[in-house]
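Going line by line, the protein sequences match chains A and B.
Going by the working numbering, the final residue of the first sequence carries number 532, and the count climbs one at a time with no gaps.
Going by the working numbering, the final residue of the second sequence carries number 532, and the count climbs one at a time with no gaps.
Number of protein chains: 2
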Amino acid sequence: MLTEFELIKHCFNWPQNNEHIICAVGDDASIVQVPNGYELVQSIDTQVADVHFPATAPADLIAQRALRCAISDLAAMGANPQAFHLALSLPKDTSQQWLQSFSSGLRSCANEYDISLIGGDTTSSPALVITLQVQGLVQTGKALTRTKAQLDDDVWLSGQIGRSAAALSNILKSPEANIENDTSLAAAYYYPQAQIALGQQLITLAHSAMDISDGLLQDASHIAKASNCCINIESQHIPLNEIAIEQFGQNQALQFALTGGDDYQLLFTAPKSVAKKLNDLGCYRIGKVESLKKQSNKNWVLLDSQPVQNKSMGYQHF
Amino acid sequence: MLTEFELIKHCFNWPQNNEHIICAVGDDASIVQVPNGYELVQSIDTQVADVHFPATAPADLIAQRALRCAISDLAAMGANPQAFHLALSLPKDTSQQWLQSFSSGLRSCANEYDISLIGGDTTSSPALVITLQVQGLVQTGKALTRTKAQLDDDVWLSGQIGRSAAALSNILKSPEANIENDTSLAAAYYYPQAQIALGQQLITLAHSAMDISDGLLQDASHIAKASNCCINIESQHIPLNEIAIEQFGQNQALQFALTGGDDYQLLFTAPKSVAKKLNDLGCYRIGKVESLKKQSNKNWVLLDSQPVQNKSMGYQHF
Numbered sequence: 215m216l217t218e219f220e221l222i223k224h225c226f227n228w229p230q231n232n233e234h235i236i237c238a239v240g241d242d243a244s245i246v247q248v249p250n251g252y253e254l255v256q257s258i259d260t261q262v263a264d265v266h267f268p269a270t271a272p273a274d275l276i277a278q279r280a281l282r283c284a285i286s287d288l289a290a291m292g293a294n295p296q297a298f299h300l301a302l303s304l305p306k307d308t309s310q311q312w313l314q315s316f317s318s319g320l321r322s323c324a325n326e327y328d329i330s331l332i333g334g335d336t337t338s339s340p341a342l343v344i345t346l347q348v349q350g351l352v353q354t355g356k357a358l359t360r361t362k363a364q365l366d367d368d369v370w371l372s373g374q375i376g377r378s379a380a381a382l383s384n385i386l387k388s389p390e391a392n393i394e395n396d397t398s399l400a401a402a403y404y405y406p407q408a409q410i411a412l413g414q415q416l417i418t419l420a421h422s423a424m425d426i427s428d429g430l431l432q433d434a435s436h437i438a439k440a441s442n443c444c445i446n447i448e449s450q451h452i453p454l455n456e457i458a459i460e461q462f463g464q465n466q467a468l469q470f471a472l473t474g475g476d477d478y479q480l481l482f483t484a485p486k487s488v489a490k491k492l493n494d495l496g497c498y499r500i501g502k503v504e505s506l507k508k509q510s511n512k513n514w515v516l517l518d519s520q521p522v523q524n525k526s527m528g529y530q531h532f
Numbered sequence: 215m216l217t218e219f220e221l222i223k224h225c226f227n228w229p230q231n232n233e234h235i236i237c238a239v240g241d242d243a244s245i246v247q248v249p250n251g252y253e254l255v256q257s258i259d260t261q262v263a264d265v266h267f268p269a270t271a272p273a274d275l276i277a278q279r280a281l282r283c284a285i286s287d288l289a290a291m292g293a294n295p296q297a298f299h300l301a302l303s304l305p306k307d308t309s310q311q312w313l314q315s316f317s318s319g320l321r322s323c324a325n326e327y328d329i330s331l332i333g334g335d336t337t338s339s340p341a342l343v344i345t346l347q348v349q350g351l352v353q354t355g356k357a358l359t360r361t362k363a364q365l366d367d368d369v370w371l372s373g374q375i376g377r378s379a380a381a382l383s384n385i386l387k388s389p390e391a392n393i394e395n396d397t398s399l400a401a402a403y404y405y406p407q408a409q410i411a412l413g414q415q416l417i418t419l420a421h422s423a424m425d426i427s428d429g430l431l432q433d434a435s436h437i438a439k440a441s442n443c444c445i446n447i448e449s450q451h452i453p454l455n456e457i458a459i460e461q462f463g464q465n466q467a468l469q470f471a472l473t474g475g476d477d478y479q480l481l482f483t484a485p486k487s488v489a490k491k492l493n494d495l496g497c498y499r500i501g502k503v504e505s506l507k508k509q510s511n512k513n514w515v516l517l518d519s520q521p522v523q524n525k526s527m528g529y530q531h532f
């Protein structure tokens, strides 16, 4: 096996082309410039083999999915992706072929989102663990957060949800399958589209935003808590995926949408005045921001005006 | 066990006090400002249980060591620590007590270095894996790198090395020992001192710098390769640790110093004109930058003017 240094040189040191990156892979640390009038938005995201993806999935797909999921946090803040760091913990028996495939998937995704790999750390580990720290630029004071949902805002989704959760049962049956040319559900799981362009458009349209990674209900509760309001979701307006409905039926497709994560669509709130613009952008209005009822047991999220059981909200990490 | 969100709220959401941090833990991403005239220096560093530290070591010491090692990269660039992200992958049976101890060690170290926790991700994993992404500020264009060692520079060390490597054999015998009030070798292992103040002073004194994490010889070769020169180390000038000499003898203490990592002292090159200043700062001159002999097998590092076998250079990650 290659030494750590040879490995980095071979697999993770491709040319970068970004005027704001002063020093990338190869020194003790990276150096970036943040232009005057901008702030740096940053997020860190870990995926663990057989927890977040099947360990035997193709390495290039593992890399694609990991980077896309991480970049989605930048979309949720309205940021423009710039750079990322990779911390890769690998079992000792990892093959060079696996690494090259992983590197190839990572590079392909990085090119698509115009984001530069500027640093990393590779370590030996009993389990494959991928941590990506991504960063992007946003104009000073303009970043979208979860804290500013306002009473009577509409609640919106950027696209269909539940597709990735529906895909997972198929993927777990044959994780090794190469889905390069597959337009079915599995592609949604491995190639989630980070909503970068929309996120930047939402800066002038939305009051609050986040990306859905743990399920609609659970993630909606995060906006509600951060903004101290109640989000009432209208189930009939949630855009479900046709293939999920076809394969699993309407009820299960809705359940995937409510509690399944991994689609990385944006959930956001916006004033009624911009509803037409958001419709034109292909977004779906799925509910409304209401005032929080004064109860001892706060209902941050309502589904069709009814309380939702905490346990059926979405993915629990522990 | 607490849910992920409760866990973050309880253990990793302490008040931050830094005017450049616009948004910390709790949203999709953090937001930082980089003041005009400064650049952001960033590094990512992973430590894996039973690879980088004993899994059964006290949790607060594990946290202390992980953060100190990561911050050391900022010292090596001459940066002033500002903020960090934590990606923590935990076995499912991790106790709340362990987490609280980890959090307490992390917070104590963060306070000491005045560095703010601004974001993170906690995941479930078969192995305990800690990834820290640290960042700091440096005046534009002033960061120390590995690439600018110059012919006839002296080679310097910020302090004794080999102490941490000498400690490791004791630590592996009783990893559970609490060494809070221990001034012996073990403290060097768990509480390495990131040379932040010195790093910033070196900006106007040194031509190149890095921190020693994988062993003096191996790390010296990184400066040599990056600067396309040869580093000739004079073994009799390497500052060895008295306790290591006492416990293991002179020869083994030297071996620890040459190939053991984990002391996180700075290795740097500087012109002869600043030798007195560096002596006054408590640094040790240990060698000289020479021109690279034209040979097919390049000797980046010499020890007492003799070539060094690659295999005896230092820690290999794979």
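Note that beta-carbon positions come from the ideal geometry of N, C-alpha and C, so glycine has one too.
If I'm right that Leu481(B) touches Leu430(B) with Cβ under 8 Å, what's the distance once you round it to whole angstroms? Taking C-beta atoms under 8 Å as the contact rule, Leu481(B) and Leu430(B) qualify, at a distance of about 7 Å.
Just to confirm, is the Cβ distance from Ala420(B) to Arg360(B) under 8 Å? no
Expressed to the nearest angstrom, what Euclidean distance is found between the alpha-carbon atoms of Asp307(A) and Ala341(A)? Those two C-alpha atoms are separated by around 11 Å.
Does Thr270(A) have its Cβ less than 8 Å from a Cβ in chain B? no
Which bits of chain B does Thr418(A) rub up against, with CB to CB less than 9 Å? Chain B residues near Thr418(A): none, gap ~18 Å exceeds 9 Å.
Would you check if there are 3 or more beta carbon pairs closer than 8 Å linking the region 313 to 333 of chain B to the region 297 to 304 of chain B? yes
Hey, does Asn395(A) have any beta-carbon neighbour from chain B nearer than 8 Å? Reliability fails at Asn395(A), whose pLDDT of 49 lies under 50, so the model's placement of it is uncertain and no value is given.
Let me check understanding here. Comparing Cα to Cα, which of Leu304(A), Val522(A), Val239(A) lies closest to Thr179(A)? Any question about residue 179(A) goes unanswered here, given that chain A covers just 215 to 532.
Is the beta carbon of Asn446(B) less than 8 Å from the beta carbon of Ser519(B)? yes
Other residues of its chain near Ile410(B): CB distance less than 6 Å, five sequence neighbours each side excluded: Ala289
Environment of Gly355(B) [buried if 16+ CB atoms lie within 10 Å]: exposed
For the candidate residues His451(B), Ala489(B), Leu275(B), whose alpha-carbon lies nearest to that of Ile500(B)? His451(B)
Partner residues on chain A for Cys444(B), Cβ-Cβ distance less than 8 Å: The contacting residues do not exist; Cys444(B) stays about 18 Å from chain A at best.
So if DSSP puts Arg321(B) in a beta bridge, which residue, or which two residues, is it bridged to? According to DSSP, Arg321(B) bridges with nothing at all.
Pro295(A) at chain B interface by Cβ criterion, 8 Å: no
Determine the chain B residues that contact Ala258(A) at a beta-carbon separation under 8 Å, and present them in chain order. First, the amino acid is wrong: residue 258(A) is Ile here, not Ala. One finds His299, Leu300, Ala301, Gly333, Gly334, Asp335, Thr345, Gln347 in chain B with Cβ atoms closer than 8 Å to the Cβ of Ile258(A), taken in chain order.
Leu382(B) vs Ile457(B) beta-carbon contact at 8 Å: no
Do three or more CB pairs link the region 273 to 282 of chain A to the region 265 to 272 of chain B at distances below 8 Å? no
Glu233(B) at chain A interface by Cβ criterion, 8 Å: Output row for Glu233(B): interface = no.
Using a Cβ-Cβ distance under 8 Å, would Arg360(B) count as near chain A? yes
Take Tyr327(B) and list the residues in its own chain whose beta-carbon comes closer than 6 Å to its own, dropping the five residues that flank it on each side. Ile285, Pro295
Might you give, ordered along the chain, the residues of its own chain that have their beta carbon closer than 8 Å to the beta carbon of Lys507(B), omitting 5 neighbours on each side? Cys444, Asn513
Establish whether the CB of Cys225(B) and some CB of chain A are separated by less than 8 Å. no
Determine, using beta carbons only, whether Ile410(A) comes closer than 8 Å to chain B. With 8 Å as the cut-off, Ile410(A) does not count as an interface residue toward chain B.
Please go through the same chain and pick out, in chain order, the residues whose beta-carbon is closer than 8 Å to the beta-carbon of Ala484(A), but skip the five residues on each side of it. Asp367, Asp368, Trp370, Leu416, Leu419, Ala420, His421, Leu492
Ser427(B) lies in the beta strand (DSSP E); which residues open and close that run? Where Ser427(B) is concerned, there is no enclosing beta strand (DSSP E), given that its DSSP letter is neither H nor E.
In chain order, what residues of the same chain have a beta carbon less than 7 Å from the beta carbon of Ala237(B), not counting five sequence neighbours either side? Before going on, a small fix: residue 237(B) reads as Cys here, not Ala. Correct list, in chain order: Ser244, Ile245.
According to DSSP, is Leu313(B) helix, strand or coil? helix
With DSSP as the reference, label His266(B) as helix, strand or coil. coil
Rounded distance between the beta-carbons of Met291(A) and Leu358(A), thought under 8 Å: 5 Å
Taking Cβ positions only, does Asp241(B) come closer than 8 Å to chain A? yes
Would you call Pro249(A) buried or exposed, if buried means 16 or more other Cβ atoms sit within 10 Å of its Cβ? It is exposed - the Cβ of Pro249(A) has fewer than 16 other Cβ atoms within 10 Å.
Mind checking whether the beta-carbon of Ile417(A) lies closer than 7 Å to any heavy atom of the ligand GTP? Among the ligands in the structure shown, none appear at all, so the ligand GTP cannot be discussed.
Alpha carbon of Gln230(A) to alpha carbon of Gln247(A), nearest angstrom: 14 Å
Excluding the five sequence neighbours on either side, which residues of its own chain have a C-beta within less than 8 Å of the C-beta of Ala271(B), listed in chain order? So the list reads Ile385, Pro389, Glu390, Tyr404, once near-sequence residues are dropped.
Asn446(A) lies in the beta strand (DSSP E); which residues open and close that run? It spans 444 to 447 - the beta strand (DSSP E) in which Asn446(A) sits, taken as one unbroken run.
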